[in-house]
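Colleague: Sharing a structure, written as structure tokens. Questions coming.
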Amino acid sequence: MNVRIRLTAIMAACIWVPTIAANDDPWRMVPALPTACYDSEDHWLERIDAAADELNQALYQQQSINEEINQQATDSFSEDPMALAQRMQQALMADPQNAQKMIEMTQQGEQLQTEIPAQHEREVQFEAESKTIVEQYQAALARAMEPANSRWRELDQRLSLGNMPDPSWPDLAWATWFEVQHERNQAYAETCGTWWAATGPIHAYLERYRTYLVVDRIPHEQGAFDNPKLEHYRALNVATDGWRTETDYKAAQDYVRRARELFNNRESVERCASMSCI
Numbered sequence: 000m001n002v003r004i005r006l007t008a009i010m011a012a013c014i015w016v017p018t019i020a021a022n023d024d025p026w027r028m029v030p031a032l033p034t035a036c037y038d039s040e041d042h043w044l045e046r047i048d049a050a051a052d053e054l055n056q057a058l059y060q061q062q063s064i065n066e067e068i069n070q071q072a073t074d075s076f077s078e079d080p081m082a083l084a085q086r087m088q089q090a091l092m093a094d095p096q097n098a099q100k101m102i103e104m105t106q107q108g109e110q111l112q113t114e115i116p117a118q119h120e121r122e123v124q125f126e127a128e129s130k131t132i133v134e135q136y137q138a139a140l141a142r143a144m145e146p147a148n149s150r151w152r153e154l155d156q157r158l159s160l161g162n163m164p165d166p167s168w169p170d171l172a173w174a175t176w177f178e179v180q181h182e183r184n185q186a187y188a189e190t191c192g193t194w195w196a197a198t199g200p201i202h203a204y205l206e207r208y209r210t211y212l213v214v215d216r217i218p219h220e221q222g223a224f225d226n227p228k229l230e231h232y233r234a235l236n237v238a239t240d241g242w243r244t245e246t247d248y249k250a251a252q253d254y255v256r257r258a259r260e261l262f263n264n265r266e267s268v269e270r271c272a273s274m275s276c277i
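Below, the structure written as structure tokens:
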């Protein structure tokens, strides 16, 4: 490794993360997961879309600040890199004990870099699990709906009715249609109680995913990328006022996208099961 780069890496190894105020926490923008069966009961999709917009705006503003600081560091380093490397080497020689700690921290940072493929694999696993859960839910709902759907298919084969109400239907078709719709509502309600409840598999999956993001991914990315970057700025005497990590914003964005994908599978409204709603 080039000596100048190595010195920069060693100076960048000290771990320092600015304290993030509670009102600066992107997770506060994320609404709690819904437990109702129909989106019309809680309008959660509207709220999660609003949260996504708020997160996007906050991240964009922070990225603008961070990019400006990074540009200052780039300009500072480009002015006289050899003089900078000499100052850094003198600082290390003046404090051998702290220099050793920096070397150890540099090695830890390098280790975190090697773990990136494993982190990516965990993301892939969570995405695959999400798709599997949706497939399992859809299969469970289809099984629950099958008696009602089968009943309607049988009548449709006899009368060629189709699957959309038509004013030209005979009374028998209308009566059967409303009964079938009522049975479908019951089947969906039973499935909802298993899948969309707070104790169901979808809530459990999203809780695991959020825990992974907060406990594993965010700290890993801060250790591998943010901390070295901040210490690099400090070594260059670049002010970091206004800088903050972007990792938690991006993690919250991923969580919001995943939660929306899942809860978009809820039905919007109850099926019409009487003439009063036609």
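Residue 0 is where the sequence shown starts when you use numbering that gives the first Met the number 0, and the numbers rise one by one after that.
We put the CB at the ideal spot given by N, CA and C, even for glycine.
Based on Cα-Cα distance, which residue from Glu-260, Arg-270 and Cys-271 lies nearest to Trp-43?
Modeller: Walking along the sequence shown from the start, residue 43 turns up at place 44. Of the listed residues, the one whose Cα sits closest to Trp-43 is Glu-260.
Colleague: Can you find the residues in the same chain that come closer than 7 Å, C-beta to C-beta, to Leu-32, ignoring five residues on each side of it along the sequence?
Modeller: One-based indexing of the sequence shown puts residue 32 at position 33. Correct list, in chain order: His-202, Leu-205 and Ala-258.
Colleague: Using the DSSP secondary-structure output, state which residues sit across from Tyr-37 in a beta bridge.
Modeller: The sequence position of residue 37 within the sequence shown is 38, counting from 1. According to the DSSP secondary-structure assignment, Tyr-37 is paired through a beta bridge with Glu-266.
Colleague: Starting from Thr-210, trace the alpha helix (DSSP H) both ways and give me its first and last residue.
Modeller: If you number the sequence shown from 1, residue 210 lands on position 211. Taken as a continuous stretch (DSSP letters only), the alpha helix (DSSP H) holding Thr-210 covers 200 to 210.
Colleague: Would you mind reading off the limits of the alpha helix (DSSP H) that contains Phe-125?
Modeller: On the sequence shown, position 126 is the one that residue 125 refers to. Per DSSP, Phe-125 belongs to the alpha helix (DSSP H) from 115 to 158.
Colleague: For Glu-145 and Leu-158, what's the separation of their Cα atoms in angstroms?
Modeller: Within the sequence shown, the letter at position 146 stands for residue 145. Within the sequence shown, the letter at position 159 stands for residue 158. Rounded to whole angstroms, the separation of the alpha carbons of Leu-158 and Glu-145 is 20 Å.
Colleague: May I ask which residues mark the beginning and end of the alpha helix (DSSP H) holding Asp-165?
Modeller: Start at 1 with the first residue of the sequence shown, and residue 165 comes out as number 166. Where Asp-165 is concerned, there is no enclosing alpha helix (DSSP H), given that its DSSP letter is neither H nor E.
Colleague: Tell me the DSSP secondary structure of Pro-30 in three-state form.
Modeller: What you label residue 30 is simply residue 31 of the sequence shown in a count that begins at 1. Coil at Pro-30, not helix or strand.
Colleague: Per DSSP, what kind of secondary structure is Val-214 in: helix, strand or coil?
Modeller: Here residue 214 refers to the residue found at position 215 when the sequence shown is read from its first residue. Val-214 falls in the helix class under three-state DSSP.
Colleague: Can you give me the Cβ contacts of Tyr-248 inside the same chain, cut-off strictly under 7 Å, excluding the 5 residues immediately before and after it?
Modeller: Counting from 1 along the sequence shown, the entry for residue 248 is found at position 249. Within the same chain, Tyr-248 has close Cβ partners Pro-25, Leu-54, Ala-57, Leu-58 and Gln-61.
Colleague: Report all residues from its chain with a CB closer than 7 Å to the CB of Ala-50; omit the five preceding and five following residues, and keep chain order.
Modeller: Here the question's residue 50 lines up with position 51 in the sequence shown. Excluding sequence neighbours, Ala-50 sits near Met-28, Val-29, Pro-30 and Val-255.
Colleague: Apply the 10 Å Cβ neighbour rule to Val-237 and answer buried if 16 or more other Cβ atoms are within range, or exposed otherwise.
Modeller: The residue labelled residue 237 in the question sits at position 238 within the sequence shown. It counts as buried.
Colleague: Please look up how many angstroms separate the CB atoms of Thr-239 and Ile-132, rounded, as I've assumed it's under 8 Å.
Modeller: Position 240 of the sequence shown holds residue 239. Position 133 of the sequence shown holds residue 132. Contact flag wrong, Cβ pair sits at about 41 Å.
Colleague: So Asn-226 is in the alpha helix (DSSP H); what residue range does that whole segment cover?
Modeller: Numbered from 1 along the sequence shown, position 227 holds the residue referred to as residue 226. Run containing Asn-226: 226 to 234, per the alpha helix (DSSP H) assignment.
Colleague: Near Glu-266, what residues of its chain come up, given a Cβ to Cβ distance below 8 Å and the 5 sequence neighbours on each side ignored?
Modeller: Residue mapping note: residue 266 aligns to position 267 of the sequence shown, counting from 1. Cys-36, Tyr-37, Asp-38 and Tyr-187, listed in sequence order.
Colleague: Does any CB atom of chain D fall closer than 8 Å to the CB of Ala-188?
Modeller: The displayed structure is made up of one protein chain only, and chain D is not part of it.
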